[in-house]
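Number of protein chains: 2
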Amino acid sequence: MSEAIALDATHDPARRSWVPGADGHADFPVQNLPFGIFTPPGGDGPRGGVAIGDSILDLRAALAAGLFTGAAGEAAEAAAAETLNGFMGLGAAPRRALRQRLSALLTAGSAEQRRAAACLHPADRCILHLPARIGDYTDFYVGIHHATNVGKVFRPDNPLLPNYKYVPIGYHGRASSVRVSGADVRRPKGQLKAPEAEAPRFAPCERLDYELELGIWVGPGNALGEPIPVGEAAAHVAGYCLLNDWSARDIQAWEYQPLGPFLAKNFGSTISPWVVTPEALAPFRIPQPPRPQGDPAPLPHLLDAADQRHGAFDLALEVLLLTPAMREKGIPPHRLALSNARHMYWTVAQMLAHHTSNGCDLHPGDLLGSGTLSAPEPSGLGSLLELTRGGREPVILPSGESRRFIEDGDEVILRARAAGEGVAGIGFGECRARILPAA
Amino acid sequence: MSEAIALDATHDPARRSWVPGADGHADFPVQNLPFGIFTPPGGDGPRGGVAIGDSILDLRAALAAGLFTGAAGEAAEAAAAETLNGFMGLGAAPRRALRQRLSALLTAGSAEQRRAAACLHPADRCILHLPARIGDYTDFYVGIHHATNVGKVFRPDNPLLPNYKYVPIGYHGRASSVRVSGADVRRPKGQLKAPEAEAPRFAPCERLDYELELGIWVGPGNALGEPIPVGEAAAHVAGYCLLNDWSARDIQAWEYQPLGPFLAKNFGSTISPWVVTPEALAPFRIPQPPRPQGDPAPLPHLLDAADQRHGAFDLALEVLLLTPAMREKGIPPHRLALSNARHMYWTVAQMLAHHTSNGCDLHPGDLLGSGTLSAPEPSGLGSLLELTRGGREPVILPSGESRRFIEDGDEVILRARAAGEGVAGIGFGECRARILPAA
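These protein sequence lines map, in sequence, to chains A and B.
Here the numbering used here is used: position 225 in the first sequence is 225, and no number is missing along the way.
When you read off a place in the second sequence, starting at 1, and then add 1000, the result is the number in the numbering used here.
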């Protein structure tokens, strides 16, 4: 089950699309073909679509036009629904059949070009929605450089807790407040307590931060009491997105003991709208980086040789900031960090196997977050907490402004990009949101 | 909004029911009328019902028989559905109209007795389901005696952390693995690490425990970014149940830092099937007990005078244990603890106001847990962790057996009972589940 996904003609970098703007598109060339839920211009109800260049292929319209049959048709029916939960639950084989068909349909020279072209909408005239009804949302903590940086604040000589290298640490997040890219996020109020203050006060968050994360959409899942073995876990991933785990550092510092973060995180999380499939990411699989000397091996139930061989990703992850003043002056978003998904101490398969190792049931449309993925170098820190050393060293922006934490009107943009020699590069589309003042 | 619910004829202890067995029923006399989802004998689909004595009134059948009209009819339509989410979302006024009508219908002398009787099923021939599709599940920690007892293990002189008396501590739990009373729970495996061991091992949990909690069903809820003021919070409670927050203490001890409990809790939680309404519990409201001298007052956004006057409950809570040997010998379940919901340091309204104070959105069918509700006295400890002092002092059972933690085949039963002078006592029905051996 965990064998590498074979590359095929759908990955061929020479493959070109008849859709204008698709070839060489930073995110959505014909080699990507991510799924999402959108409302087309005119306001007919939400339905499934596929991003291609600056367009969206309307799966409901394409089905009505008779463009899908057989296994691909069954998958297209599921993917055309109001949410992708059913499609995610189908698993890999139908998804791959549909990918083959979509690739053929959208490749230059397709006999059905005219009929398919009638099913395209300009993406900038569509409204994108959450791709699935999220059942449960779990946030992990597998970015070891982030965990180390945060741990250093409390324990300079021994930043990682003893369980970190045995347990893919994770905790339950709030599903209801996950929103799709573009939705504003209101600054939370909460209990803030300065170290020297006698008592907390209730006030708008003063240390608002982002977190750069990879999101993982769960596919078929498991029944309660029936763990998913690590060697089978890859089959339960429906796709990937970007996740900004907005964090109120001051609320978090006061509330988090002994049961973990709560109001510091659940006021809103932002995800990118497109579900990038495991197939699209297949060319960018890499071996899980070897553990530093002296680290323990994963326990046997978390160790699979094939997963170690190709369970990681080479996927560049970027954070950018756009302030109101920059927007006004026409200054483009400023890069705060460039990191990579290769900085995960645990693979996605290990996260799934761990999550279900006690019998916990996962379901199609559940969302997992990786935790903040910081790089080891200063240019790749995935949160302001790390970048400004807890607010002590402000970031200077090209507008001349500085930031210790996120201010009202600031917009945070996450991007992901996979590229390599001899393959067509793909991206995830943006995960962006602006902060509104506290109510 | 937070004024006390007025007592009316539906609470009259002299009111009798024509349903056999309802009068004097420990849980479900005509003064209770809780809602639930059940499948009737014969296997027609799940639908809403009302518990009365040892029977269930089939709301779908009663609607078809024309027994509801007007506001009560609209509420009955919602409550007759496959889940109670829609009904919970309606709020208090329709629920009260339906209660009035149900009470009249089921009271001795009702003109519609014959037609209503045709809509009754024997409860023991029905299958009970989760009453709602749980969106998000949040577990609080408001049982101060439990928090103190657990804290003493780590900090004998200073058991409560500094935030406890300011923050109604809570964290996100797993919604997918909540099951209704009667469903077996499989013992989880997990990473266990003895203090002296060099490394953890993966093995079945050896310190399996229960937690005695009150469950709270969320009603209408709020939009993201729009907190519910504490004075309005009571209007967002749809009802109450019992909750057993099964806990693997050994998994918890190793995993929980720094982000809180995860696999130690999410392998299964058990709730009682009936939604006991705020109206049914109105006679058992009491003032929130005064805080011990020296404790800080709640911050203003968590303080409402009316809530302090009648925001607590006098509700007896009981834990019983039945082992396979006891079952075989015909020994009845043995009481391990008798506690009371009055031992909540924060009211339910304060929990809701806190949860939404940062803008987090709650929705109909969300579930909140109170946290373990231990009494201050040794006979009222709501977990084995407390009762056996971390496994050091085993409990002796009437069968001659002893228990440090829960063993395979053991069944844990929670019960709740509200009673008082001049009012009809009511109960919640049982919350019970048996532990299966690890897979």
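The beta-carbon is built from N, C-alpha and C at its ideal position, and this holds for glycine as well.
Neighbourhood of Pro229(A) in chain B, by CB distance below 7 Å: empty, with the nearest CB roughly 12 Å away.
Boundaries of the beta strand (DSSP E) harbouring Asn1340(B): 1334-1340, taken from the DSSP string. The C-beta of Gly359(A) comes closer than 8 Å to at least one C-beta of chain B. Take Pro1168(B), set aside five residues on each side of it, and the residues of its chain with a beta-carbon closer than 7 Å to its own are Phe1140, Val1142, Trp1346, Gln1350, Met1351, His1354, in chain order.
Burial state of Gln1293(B) is exposed, judged by a 10 Å Cβ sphere holding fewer than 16 other Cβ atoms.
With a cutoff of 8 Å on beta-carbon distance, Glu386(A) and Asn32(A) are scored as not near each other. With distances taken between CA atoms, Ala1312(B) lies nearest to Ser1370(B) out of Ser1370(B), Pro1261(B), Gly1190(B). Here Tyr137(A) is near Leu367(A), since their CB atoms are less than 8 Å apart. In the structure shown, Arg1155(B) adopts coil according to DSSP, grouped into three states. Closer than 8 Å to the CB of Ala1104(B) there is not a single CB belonging to chain A.
In this structure, Ala305(A) is the residue among Ala419(A), Ala305(A), Gly45(A) with its C-alpha nearest to the C-alpha of Pro290(A). A direct Cα-Cα distance of roughly 14 Å separates Leu1084(B) from Leu1098(B). Leu1160(B) is positioned such that its CB atom lies no closer than 8 Å to that of Val1230(B). In chain order, Ile1037, Thr1039, Glu1082, His1129 place their CB closer than 6 Å to the CB of Pro1046(B), counting only its own chain and leaving out the 5 sequence neighbours on each side. Below 8 Å, enough C-beta pairs join the region 1011-1030 of chain B and the region 1420-1434 of chain B to call them touching: three or more. In the DSSP assignment, Ala1316(B) falls within the beta strand (DSSP E) that extends over 1316-1322. Among the CB atoms of chain B, none fall inside 8 Å of the CB of Arg207(A).
Any Cβ of chain B closer than 8 Å to the Cβ of Gln288(A) would place that residue at the interface, and such an atom is absent.
If you check the CB distance, Ser383(A) and Leu338(A) do not come in under 8 Å. The beta carbon of Phe87(A) sits closer than 6 Å to those of Ala78, Ala79, all from its chain and outside the five residues before and after it, given in chain order. Between Gly260(A) and Trp246(A), the C-beta gap is not smaller than 8 Å, which leaves the two residues out of contact. Ser1177(B) counts as buried, since at least 16 other C-beta atoms from the protein chains shown sit within 10 angstroms of its C-beta. Residues of chain A with a Cβ closer than 8 Å to the Cβ of Glu1255(B) are, in chain order, Asn163, Val167, Ile169. If you draw a straight line from the Cα of Ile56(A) to the Cα of Tyr1164(B), it is about 51 Å long.
According to the DSSP assignment, Ser55(A) belongs to the beta strand (DSSP E) that extends over 55-58. Excluding five sequence positions before and after Pro1394(B), the CB atoms of its chain that fall closer than 7 Å to its own CB belong to Thr1388, Ser1402, Arg1403, Arg1404, given in chain order.
Scanning chain A for C-beta atoms nearer than 9 Å to the C-beta of Ile1251(B) yields Asn358, reported in chain order.
Contacts with chain A at 8 Å (Cβ-Cβ) include Pro1258(B). Phe68(A) carries a coil assignment under DSSP once its states are collapsed to helix, strand and coil. For Gln191(A), the enclosing beta strand (DSSP E) stretches over residues 189-192.
Nearest CB-CB separation between Gln1308(B) and chain A: not below the 8 Å threshold. When secondary structure is reduced to three states using DSSP, Trp1217(B) falls in the strand class. Bridge pairing for Phe28(A): absent [DSSP].
Counting C-beta atoms within 10 angstroms of its own C-beta, Val153(A) has fewer than 16 neighbours from the protein chains shown and is therefore classed as exposed. Counting only runs of at least 4 residues, the region 1056-1131 of chain B fully encloses the following alpha helix (DSSP H) elements, listed from N- to C-terminal order: 1059-1064, 1070-1079, 1085-1090, 1092-1106, 1113-1117.
When Cβ-Cβ separations below 8 Å define contact, Gly89(A) makes no contact with chain B.
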